[in-house]
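> First the structure, which I've put down as structure tokens, then a few questions once you've had a look.
Residue numbers (the working numbering), protein chains in the order written: chain A, 11 to 299; chain B, 17 to 486.
This is the structure in structure tokens:
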């Protein structure tokens with residue numbers, strides 16, 4: 011290689027253009043080392059790992075490595091780390107889980123992926139819901155129950171509220187009057203006449219005599235509190251009119267305009283631990299009781 | 017082709033001849049001479065002994081210098097530096113770079129010549145080689161000789177000693193990242209964790225290869241500093257330089273030589289002692305690491321031939337052309353570098369003396385930005401993450417400024433407790449009556465005031481409170 015410093019003495023290939031000769035110097039040593047190291051590496055790799063494609067299959071390599079195997083090992087390693095915490099989640103009740111900062115944080119963080127997979131499609135990644143369609147989980151208005159056990163129950167068994175359609179049994183003027191009352195009640199401007207009409211129309215059977223929801227929830231109807239600032243199906247006059255006229259979860263074949271509000275049951279899709287952790291997360295959105 | 021063109025092409029080849037490139041085919045066997053710069057080099061190199069000793073010092077209950085990567089802490093004596101203080105690292109890097117630039121501007125590649133681990137380790141390796149295999153002439157003869165028991169013995173001893181130094185280097189480096197004593201126990205009993213073996217192996221391999229085999233090739237072809245440093249040199253820089261006017265025309269010394277000869281007797285000793293194998297008489301070049309070995313060599317020859325010393329000496333180009341050199345502190349480069357140096361030193365000192373005891377971050381929830389509650393009020397959620405860097409428990413009382421009438425909801429009332437072993441992130445909920453909100457986005461501050469009477473810690477964090485459009 012040192013010969014290259016005396017170009018006149020290096021043999022050439024016989025080609026010459028304009029006095030420039032092509033010399034037969036070997037490639038630099040580092041290049042040759044890299045070249046040989048590369049093909050040696052390739053052969054070792056071919057022997058150890060899956061590499062050569064065949065007609066219907068490929069060579070397996072003597073290490074037996076596959077990508078899915080490595081993935082499963084990683085998942086198992088991750089599960090092994092989580093196992094003791096999940097065991098604790100299974101053993102602890104809601105109150106204990108919420109009171110322990112470490113477990114609360116573990117549940118909140120672990121449930122993030124589960125919430126994203128199963129809940130966020132309707133309720134949004136931050137539990138904010140979709141106005142008029144899916145309830146907001148981060149506020150403190152609960153159609154059913156906002157305590158830990160109630161949330162667990164909602165996730166496990168699902169919820170299906172109901173409200174009858176009133177277009178048949180209340181006349182148009184009465185429905186309009188009820189609408190005026192409901193909108194006023196949410197702003198704290200309810201009139202006694204309005205409340206009297208509300209009670210006379212039979213609404214109090216579910217929504218309570220003060221229109222504040224209340225004990226009627228025991229019926230499992232999910233009758234909402236009409237005096238708070240939260241609207242399940244939108245606050246515009248048209249929205250309220252539609253809800254009173256066509257109700258909630260009536261048979262769509264009979265009442266085409268009825269509101270559909272069904273929370274599916276996740277008890278057979280998710281483990282009890284996962285549901286508990288989800289309940290912590292939902293509680294931590296900011297409205298948990 | 018005209019005769020003129022032919023001549024120009026010939027000239028190209030002449031240049032190529034001078035442009036001597038050793039790409040590793042030729043092993044440089046440099047002669048070792050004693051002298052002034054040789055002594056300096058030993059002094060400078062001996063500073064590296066501290067590299068081998070420092071890991072074994074203890075401070076309080078831990079290693080004095082410990083880069084604790086798993087716990088994300090860097091211990092420097094009683095100081096603990098956390099990842100949040102890492103901005104100081106950038107200042108440290110600036111400091112090191114500027115020091116290098118400043119030194120290079122004044123006296124060339126001092127780093128390379130006297131202190132660089134590559135040249136120092138190479139120097140140690142060749143010193144051993146010299147002791148075992150003899151001087152360069154004997155070494156070349158030994159390399160060319162056929163294999164014999166004697167040759168094998170010498171080579172084996174040499175490589176064993178090189179490996180020992182490499183292993184000491186590798187383990188010592190690794191010892192800065194874990195308990196040094198335990199590491200040695202683990203290494204000797206072969207119980208060390210994989211990452212330790214990988215690190216040690218990496219350093220053993222590269223110490224052995226770089227200092228034993230590649231040597232000056234690293235400086236020529238691998239080192240970026242070598243290239244950068246060369247461009248920092250200017251006409252004021254003092255470099256080992258051959259005094260062309262005094263030396264030329266060079267020639268063998270003869271008793272009856274005429275007076276036309278220069279002082280250079282062309283003994284080539286300056287080339288023989290050069291660890292990178294360059295000829296300094298060709299002028300400053302990329303291969304020169306400015307170690308001054310050629311100065312020692314030439315001075316010894318000048319003494320013998322009764323000529324004044326300094327035919328090769330540290331001199332700037334201005335000096336050689338007879339101009340006077342501006343004082344060091346009046347050179348614009350030096351002034352600029354000094355200012356940057358002082359600023360970064362000041363920054364590091366400030367940083368080290370003002371490491372905040374608590375690192376706190378307040379993250380406003382983005383999804384949803386706000387929530388309307390059943391009573392009509394607006395709620396915002398914040399996540400608080402905190403690191404308590406002190407060894408004791410700290411308690412704070414939280415209040416919010418910039419938002420009158422805000423309601424705070426946290427796990428423990430308005431008290432925040434930070435344990436020294438780490439604080440679990442938690443949520444803070446702020447609630448406001450919409451009537452009190454003047455803007456869609458209100459700038460607020462989280463103020464944490466220490467409840468311990470002794471330390472008067474006060475932490476302020478900016479954040480926002482977001483509500484519906486008004």
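Ideal Cβ placement from N, Cα and C applies to all residues, glycine included.
Could you name the residues of the same chain whose beta carbon sits closer than 6 Å to that of residue 100(B), not counting the 5 residues immediately before and after it, in chain order?
The residues 375, in chain order, have a CB closer than 6 Å to that of residue 100(B) in the same chain once the five nearest residues on each side in sequence are set aside.
> Short of 6 Å in beta carbon distance, which residues of its chain neighbour residue 360(B), apart from the five on each side in sequence? Order them along the chain.
Non-local C-beta neighbours of residue 360(B) in its own chain, meaning closer than 6 Å and more than five positions away in sequence, comprise 107, 110, 111, ordered along the chain.
> Can you tell me whether residue 180(B) is helix, strand or coil according to DSSP?
helix
> Mind pulling the chain A residues with CB within less than 9 Å of residue 24(B)?
Simply none; closest approach about 11 Å.
> For residue 249(B), count the other beta carbons within 10 Å of its own beta carbon; 16 or more makes it buried, fewer makes it exposed. Which is it?
buried
> Less than 9 Å between CB atoms is the rule here; does residue 171(A) satisfy it with respect to chain B?
no
> Along chain A, which residues have their Cβ under 8 Å away from the Cβ of residue 50(B)?
Within chain A, no residue comes near residue 50(B); the closest Cβ sits about 31 Å away, beyond 8 Å.
> Are the beta-carbon atoms belonging to residue 299(B) and residue 352(B) less than 9 Å from one another?
no
> Just to confirm, is the Cβ distance from residue 236(A) to residue 192(A) under 9 Å?
yes
> How is the beta strand (DSSP E) around residue 27(A) delimited, first residue to last?
Taken as a continuous stretch (DSSP letters only), the beta strand (DSSP E) holding residue 27(A) covers 22-27.
> Using a Cβ-Cβ cut-off of 8 Å (strictly less than) and excluding sequence neighbours within five positions of residue 167(A), which residues of its own chain qualify?
275, 277
> Note down, in chain order, each residue of its chain lying with its Cβ closer than 8 Å to the Cβ of residue 179(B), except the 5 sequence neighbours on either side.
220, 224
> Taking the alpha-carbon of residue 311(B) as reference, which of 320(B), 118(B), 325(B), 210(B) has the nearest alpha-carbon?
325(B)
> Identify the contact partners of residue 135(A) in chain B, using a Cβ-Cβ distance below 7 Å as the criterion.
Within 7 Å of the CB of residue 135(A), the CB atoms of chain B belong to 383, in sequence order along the chain.
> Bridge partners of residue 331(B), per DSSP?
255(B)
> With H, G and I counted as helix, E and B as strand and the rest as coil, what does DSSP make of residue 266(B)?
In the structure shown, residue 266(B) sits in coil (DSSP, three-state: anything other than H, G, I, E or B).
> At the level of alpha carbons, what is the spacing between residue 208(B) and residue 96(B)?
26 Å
> Using a Cβ cut-off of 9 Å (strictly closer), state whether residue 440(B) contacts chain A.
yes
> Closer than 8 Å by beta-carbon distance: list the chain B residues that pair up with residue 111(A), in chain order.
427, 440, 442
> Between residue 41(B) and chain A, is the shortest Cβ-Cβ distance under 9 Å, so that the two count as touching?
yes
> May I have a chain-ordered list of the alpha helix (DSSP H) segments no shorter than 4 residues that lie completely inside the stretch 184-237 of chain B?
Those alpha helix (DSSP H) runs which fall completely within the stretch 184-237 of chain B and span 4+ residues are 196-204, 210-225.
> Quickly, what does DSSP pair residue 8(B) with across the bridge? List them, please.
Because chain B is modelled from 17 through 486, residue 8(B) falls outside the range shown and cannot be assessed.
> Short check: CB of residue 60(B) to CB of residue 255(B), under 9 Å?
no
> With 16 as the cutoff for other CB atoms within 10 Å, does residue 146(A) come out buried or exposed?
Looking at its Cβ environment, which holds 16 or more other Cβ atoms inside 10 Å, residue 146(A) is buried.
> Just how far apart, CA to CA, sit residue 422(B) and residue 118(A)?
26 Å
> Using the rule of at least 16 other Cβ atoms within 10 Å of the residue's Cβ for burial, across every protein chain shown, is residue 153(A) buried or exposed?
buried
> Taking Cβ to Cβ, would you say residue 414(B) is nearer than 9 Å to residue 396(B)?
no
> Less than 8 Å between C-beta atoms, sequence neighbours within five positions excluded: which residues of the same chain meet that for residue 295(A)?
Within the same chain, and ignoring the five residues on either side of residue 295(A) in sequence, the residues whose Cβ sits closer than 8 Å to its Cβ are 136, 137, 147, 148.
> Alpha carbon to alpha carbon, how far is residue 128(B) from residue 297(B)?
20 Å
> CA-CA distance, residue 157(B) and residue 167(B)?
11 Å
> Can you check which of these residues, 281(B), 91(B), 265(B), 243(B), is closest to residue 320(B) by C-alpha distance?
281(B)
> Name, please, each residue of chain B whose Cβ falls closer than 7 Å to the Cβ of residue 38(A).
Here the neighbours are 39.
> Drop a sphere of 10 angstroms on the beta-carbon of residue 389(B), count the other beta-carbons inside from all chains shown, and report buried for 16 or more, exposed for fewer.
buried
> Three or more beta-carbon pairs under 8 Å between the stretch 133-140 of chain B and the stretch 365-384 of chain B, yes or no?
no
> Helix, strand or coil for residue 322(B) per DSSP?
coil
> Near residue 256(A), which residues of its chain fall below 6 Å by C-beta distance, leaving aside the five closest residues on each side in sequence?
175, 265, 267, 268
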